[in-house]
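In this note's numbering, the protein residues as written are 37 to 336.
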C-alpha cells in the first residue's frame, strides 16, 4: 500500500532534512568552550577566598609588619603557577606519553633541588647535592610504588604522586643539609679534636650527621603520628570533597604517608652522606668554609 503519510509526518524526507553532523573541529571547539566556561565559573571560589588574604594584608599594614608586598607577590605567583600547571597537566594527561612523564618529574626535581640548595647555601655544592638527594628519594619511592602495583604508571597517577614525594624530599633535604652545616660550625672544636685523635671525617662528624638527619625527619614522623587526629591531610580531604568514600580516601592517605616517610629517609640520608665530605679536606682537616659564617662560594 502506498505511503500516504503527510510530508510533516515523514512522507517527504527532503522537506525537513536532518541537521548535518558537526565536524571534528566544531566538536573540539564546543568541548574547549565548555571547559573554558567551567573554568571561569570555577574561579569564583578562589577569588572569594582571596578576601582572607586581603584581611591578612590589612592586619600586616595596620600592625606595621611590612609583609603586604610579600603576601601580594605570593598570591599572584601561586595563582599563576597553579593555573599554568593545571593546563600543563591537562595536556600531559591527554598525551599519556612515557617521555612526558619523565620530563615532568625531571622538571620538578630540578626546581626542588635548586630550592633546597638555596636553603643550604653554606654547604659547598649545595644545589648539586640537593638535586641528587631528591632524585634518589623520588626515584626509589616512585619505582617501588609502580613495581608493587600500588599505582599504575600513568600520568594521572604518577605525576601527582611524584610531586608530593618531591616536595616532601625538598623540605627534608634542605633542613638536613642546613642543620648539618650549622652543627659542624658550632661544634667544630669537638670535630677537630676527634680528627686530631685519629678519627676519620665521618667518625668525627657522626654525631652531627645523625642529629641533622633526625631533625629533617622529625616533621614527617610527627605528622604521621598525629594524622587523622589533629588534621585531615590534603589527599584525603580532596578525595572526600570529590565524592569518594572516606574509607577509600583513608586507604590512599595511608599509602601517601608511608611513601613520604620512605622518600624522606632516602633523600635525607643521601643529603647527609653527600654533604659531610664537603666540609673536610683530603688531609682530614676541617675546611675554613665549614666554620665561617659566610655562605660557601663554589669554585670556578
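Quick reminder that beta carbons are idealized off the backbone N, C-alpha and C, glycines included.
Exposed or buried, what is residue 173 when buried is set at 16 or more other beta-carbons lying within 10 Å of its beta-carbon?
Locating residue 173 in the chain shown gives position 137, counting from the first residue. Per the 10 Å Cβ criterion, buried.
Return helix, strand or coil for residue 316, following the three-state DSSP convention.
Along the chain shown, one-based indexing puts residue 316 at 280. DSSP places residue 316 in strand when its eight states are reduced to three.
Any chance the stretch 154-161 sits against the stretch 205-225, with 3 or more Cβ pairs inside 8 angstroms?
Verdict: yes, contact present.
Enumerate in chain order the residues of its own chain whose CB-to-CB distance from residue 115 is below 8 angstroms, with the five nearest sequence positions on each side excluded.
Here residue 115 refers to the residue found at position 79 of the chain shown. These residues qualify, in order along the chain: 82.
Is residue 98 buried or exposed, if buried means 16 or more other CB atoms sit within 10 Å of its CB?
Within the chain shown, the letter at position 62 stands for residue 98. Classification of residue 98: exposed, given that the 10 Å Cβ count is below 16.
Output needed for residue 132: all residues of its chain with C-beta closer than 8 angstroms, excluding positions within five of it in sequence on either side, in chain order.
Looking up residue 132 in the chain shown gives position 96. Closer than 8 angstroms at Cβ, skipping near neighbours: 190, 191.
By the three-class DSSP mapping on this structure, what secondary structure does residue 263 have?
For this step, residue 263 is matched to residue 227 along the chain shown. Note: residue 263 maps to strand in three-state DSSP.
In the stretch 221-281, which residue ranges form an unbroken beta strand (DSSP E) of at least 3 residues, counting only runs that do not cross its ends?
As far as the stretch 221-281 is concerned, it has no whole beta strand (DSSP E) run of at least 3 residues.
Contact between the stretch 232-242 and the stretch 254-263 is defined here as three or more beta-carbon pairs at a separation below 8 angstroms; is this criterion met?
No contact exists between the stretch 232-242 and the stretch 254-263.
Quick one: using the 10 Å Cβ neighbour count with 16 as the cut-off for buried, is residue 185 buried or exposed?
On the chain shown, position 149 is the one that residue 185 refers to. Residue 185 is exposed by the Cβ-count criterion.
Where does residue 79 fall in DSSP's three states?
Residue numbering aside, residue 79 sits at position 43 when the chain shown is read from its first letter. If DSSP states are grouped into helix, strand and coil, residue 79 belongs with coil.
What does the Cβ neighbour count give for residue 316, buried or exposed, with the cut at 16 atoms within 10 Å?
Within the chain shown, numbered from 1, the residue matching residue 316 stands at position 280. Buried, since its Cβ has 16 or more Cβ neighbours within 10 Å.
In this structure, does DSSP put residue 283 in helix, strand or coil?
Position 247 of the chain shown holds residue 283. Here residue 283 sits in helix by DSSP.
Out of curiosity, what's the CA-to-CA distance linking residue 200 and residue 296?
On the chain shown, position 164 is the one that residue 200 refers to. On the chain shown, position 260 is the one that residue 296 refers to. Rounded to whole angstroms, residue 200 to residue 296 spans 8 angstroms at the Cα level.
When DSSP labels each residue in this structure, what does residue 322 get in the three-state scheme?
Counting from 1 along the chain shown, the entry for residue 322 is found at position 286. DSSP places residue 322 in strand when its eight states are reduced to three.
Use the C-beta contact count for residue 273: other C-beta atoms within 10 angstroms, 16 or more gives buried, fewer gives exposed.
For this step, residue 273 is matched to residue 237 along the chain shown. Exposed, because fewer than 16 other Cβ atoms sit within 10 Å of the Cβ of residue 273.
Considering only the alpha carbon of each residue, which of 269, 170, 144, 222 lies closest to residue 289?
By 1-based counting over the chain shown, the position of residue 289 is 253. Nearest of 269, 170, 144, 222 to residue 289, Cα basis: 269.
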